[in-house]
Each structure stands twice: as C-alpha cells, then as structure tokens.
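Student:
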Amino acid sequence: MELVEESPYRFRIDRHDPMRVPGVVFASRSLLPDAGEDRSLEQVANVATLPGIVDASYAMPDVHWGYGFPIGGVAATDVANGGVVSPGGVGFDISCGVRLLAADLDRDGLRPRLDALMDGLGEATPRGMGRGAVWHLSDRAELDAVLRGGSRYAVERGFGVERDLHRCEDAGAVGDADPARVSERAIERGARQVGSLGSGNHFLEVQAVEEVYDDTAATAFGLRPGQVCVMIHCGSRGLGHQICTDYVRKMEQVMARHGIEVPDRQLACAPVTSAEGRAYLGAMAAAANYARANRQLLADAARKVFARVTGSRLDLVYDISHNLAKIETHGVDGERRALCVHRKGATRALPPGHDDLPDDLRDVGQPVLIPGSMGTGSYVLTGVPGAPAFASTCHGAGRVQSRKQAVRSERGLDPRAQLAARDIAVRGASRRGLAEEMPAAYKDVSAVVAAAEGAGLCRKVARLVPLGVVKG
DNA sequence: ATGTCC
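Position 173 of the first sequence, counted from 1, bears residue number 172 in numbering that gives the first Met the number 0, the numbering being contiguous throughout.
1) So what does Cys457 bridge to, in DSSP terms?
2) Determine the extent of the alpha helix (DSSP H) in which Ala207 is found, giving its start and end residues.
3) Starting from Ser6, follow its DSSP beta bridges and name the residues at the other end.
4) Do Asp318 and Gly148 have their beta-carbon atoms positioned less than 8 Å apart in this structure?
5) Over the uninterrupted alpha helix (DSSP H) stretch that includes Cys167, give me the two end residues.
6) Can you check whether the CB of Leu380 is closer than 8 Å to the CB of Cys457?
7) Check the DSSP bridge columns for His232 and list the partner residues they point to.
8) For Gln480, which residues from the same chain have a beta carbon less than 6 Å from its beta carbon, with the 5 sequence-adjacent residues on both sides left out?
9) By DSSP, does Ala55 sit in helix, in strand, or in coil?
10) Taking only the alpha-carbon atoms, compute the straight-line gap between Gly371 and Gly71 and give it to the nearest angstrom.
11) Helix, strand or coil for Arg188 per DSSP?
12) Where does Leu412 land, buried or exposed, given buried means 16+ other C-beta within 10 angstroms?
13) Do Pro86 and Cys393 have their beta-carbon atoms positioned less than 8 Å apart in this structure?
14) Counting pairs of beta carbons, one from the region 186-193 and one from the region 208-216, are three or more of them closer than 8 Å?
15) Rounded to the nearest angstrom, how far is the Cβ of Ser195 from that of Pro125, given a contact under 8 Å?
16) With H, G and I counted as helix, E and B as strand and the rest as coil, what does DSSP make of Tyr246?
17) Assuming Pro414 is part of the alpha helix (DSSP H), what are its boundary residues?
18) Under three-state DSSP, which class holds Asp263?
19) Locate the alpha helix (DSSP H) running through Glu36, then write down its first and last residues.
20) Near Ala284, which residues of its chain fall below 8 Å by C-beta distance, leaving aside the five closest residues on each side in sequence?
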C-alpha cells in the first residue's frame, strides 16, 4: 500500500480505481501498521469504494485489522446521494464505549480501603462470557423499554439520577430505535445480560487523575489532580453481536439488487434510505441503547459499593461510544449535508460551541474518553474546532498482537503478578484472559494520543492511572 | 467483541 506523507501526522493513500475518494491515515511513522502482519491499510482503501462516501476513508492512529472496516476507521456517506450504511463499519460490539465517573475522594484517602473497595466492585460486577446480570428483566416489554430508552430508562427505573443524562451522549438514548427490527435470537441473548461487563478488553477500573493538561476543561469536566475515578468500558454483549451477524447476512443477500459491488464481502452494505438500511439503523440504535443502559446499570452498582466502602459519591463525567453509525450534518464542499458517519473504534469529539453539547460543557467541548491497555493509563481528551474526519479521534491503544500471539508471548510469565508488582489490584479474569490483554499486545496509548493531538483531531485534558481493575 | 461453529 503506497502512502504519501502529507504532514507529520497525516498520510494519504491516493485514489485509484475502484476507490471513490482517497484514504487518509492519521499516525506517526512508528504507529503505522506493519503491512506484513496487518492488512488494515488495504481495508482503508476498500472502504473508500463504498457508494456515497465523501471526503476520504479515514484511519485513526490506533488503526488495526478488523471485520471489513479497520478498527480505528471513520467513513461518512451522503444519505441523499446513494450513501450506504454498513454493519461492518460499526462492528460487532454496537455502541461499545466508555463511561467515566469522578469520586469526591483523593487517592491518598482511598489507599487504606482500596482492597475492600476492589472486593466489593468485584462482587457487584457481573462479568465474563454469558454469566450474570445486574438487572433481571420481568418481560419482553421491559427489554423493549431498555432498547428504546437506554440510560434514560435505567434512570427512570431508579438506577441513577437525572443529572447523569446530561452527561451522556444523546442524553442517554439514541432516537429511532426500532426493537421490531431486532431478531428473536438477539433478544434472547440480550435478555439475560442487561447490566454485565463482558470479557476481552472490557473492564471496570478504579483510577486516579495523574496529570492535568488543561485546567479549564478538566474543571468543567469535574476532574482535578489526585482525584479517584471509575472508568467502565463495555458494550452491547450478545445482543449487539447477533444484530451485526443478522444484518451482515441480510445485506450480503440484497447488495446486488441495489447495484452495489464491494471488494470484500465483509463490507456488505445497503443504501441508508433502503428498507434494509433503515432496518439495520433501527436495530443498531436499539443495541446502542442497550449498551448505554448496560453502562448506566454497572455505574449504579459501582456507586453503591463506593458509598458503602468509602462513603463517597460518584459523579458522571461523560459516557461516549466508539462503535456507532450516526446521521449527522456536516459541511461538504461548502454545503450542509446529512451524512451517515461510521465510527468503528473511533470516538466522536465535538468541538467547543457545538449545539449537541450540554450547557455546562459548551465552552470547552465534549469529553473524549480513551481507555489505555490494561494497567498502563487512560486519557481524557476534548474536541477542537475545524478538525478533519467529521469530529472524530482515536478510541484506545489499538492491538498489535492477536489474542493468540499475546498468550504465546506471556507464556511462562504470570500476568497477575506483573500487575500486582505495579500496585494494581486485579479482580476476576482468567490467566488467559489477562494474558490476552497485557500491554505488550497493544500500541502505546500515549503515542496514539500524541499522534491524534498532533494531527489536529483533539486536545489532551487529563491522564488517569489505574489503581485496581475488574476484568471479565 | 462473541453462548470464540447452528
């Protein structure tokens, strides 16, 4: 794949047939994927062939190989000009994302109670493959209410406070969710997992604010140096996975009928305005609401533990997805256009002044939550005016080793002991699960964030370090 | 990511 270096953190893949637009990769040279092991830059070029795509097929500095689209990919299609929506551009874990809460407690004050707190959080957090949930739903109607109402419904049912919703993307619920477009199998898988963490790279971490880069923004977000925080990273569990599976299959069947050809079957898609496109977006929105309710419920469970063990409160900083497609209005060639913006392993980063921000954040911009690899640290960023890529930035460290490779390179080592040696208390997770998530399997999140900032996609606000982690 | 193959 030929890359042209346009500026220090921006590379271009020139348009060549059948690409409709160029590819743009925001990265430093050392962060670029190794073409021998990772074909994600070919995927960037493949995405550029999609009908209706505008500007460019973008990749963030944490780009790596994914299903059809790269993880760390951003692509927007023009709804009124045959623009398509592709389930592979959202990913299997629909509305996977991050929620950050800030405690009225400093790390020194927590130290004597950290072990008891981690024990409590470990017990209160259902996790792992398939097992357990915070909320056992009474019937299908209640699951439909979750699919329509997201965090808002969870708050209405007593799992949170009204203020939480002001600090959630979409005020806690995506509009246009259509539970009727969710298959029975997806419903069955989702019904018993509402309020559960999952496994893999999902986690609940107790963290401390290690460094503040922007006092004004940090204060507006409710963050200060030394403060204890809780970060929750999880998604839509089996429900989102099943919806992605269902609609990839459906779109593979109807693509030819819509006159669409793609270079990779995993890019299955349909026009946004087609019956299949609208059905997917309705089901995807339902899964997004499920993921948000999931994070709301886990946060509520963590709040109860915090109150009992430490006597302190947890205020929501923000809740934001990094796997979603959204219909948004952006300027294209000097015109305002409705675009279907796919962000897969990429985070929306609204700049200061944006209409969709709550009043108390309007002057500083949207909090962007970037989970690092396990045990290394995480970042809080914010959007910047006039940024490229439809107000998007990176979503995390980005894998460099497959799960299998990671397990192999940890052979003979004890991942739990390595974390304990760095004073990080671990609850849950199998040895294998931990080995798959060790920092060696990931890029350096600080380098990823520096590249994202260098590329003009976002600005650093604060860095958080882990004190304890609950894993699936 | 994921009842890691209905």
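All C-beta atoms in this analysis are idealised placements derived from N, C-alpha and C, irrespective of residue type, glycine included.
Tutor: Reading off the structure:
1) For Cys457, which the question treats as bridged, DSSP gives no partner whatsoever.
2) Run containing Ala207: none in the alpha helix (DSSP H); it sits in the beta strand (DSSP E), 202-211.
3) For Ser6, which the question treats as bridged, DSSP gives the partners Arg9.
4) The answer is no: Cβ separation not under 8 Å.
5) From DSSP, Cys167 is part of no alpha helix (DSSP H); its letter is neither H nor E.
6) Yes.
7) For His232, the pairing in a beta bridge is given by DSSP as Val97, Phe202.
8) The requested residue 480 is not part of the displayed model; the chain covers only 0 to 471.
9) Here Ala55 sits in coil by DSSP.
10) Straight-line spacing of the CA atoms in Gly371 and Gly71 works out to 14 Å.
11) If DSSP states are grouped into helix, strand and coil, Arg188 belongs with the helices.
12) In the assembly as shown, Leu412 is an exposed residue. Its beta-carbon has fewer than 16 other beta-carbons within 10 Å.
13) For Cys393 and Pro86, no; Cβs fall outside 8 Å.
14) With a cut-off of 8 Å, the region 208-216 and the region 186-193 do not count as touching, because too few Cβ pairs lie within range.
15) Taking the Cβ atoms as the reference, Ser195 lies roughly 4 Å from Pro125, within the contact range of under 8 Å.
16) Of the three classes helix, strand and coil, the one that applies to Tyr246 here is helix, per DSSP.
17) That run of the alpha helix (DSSP H) goes 414-420.
18) Three-state DSSP puts Asp263 in coil, outside helix and strand.
19) No alpha helix (DSSP H) contains Glu36, which DSSP labels as neither H nor E.
20) Around Ala284: Val173, Gly174, Asp175, Ala176, Asp177.
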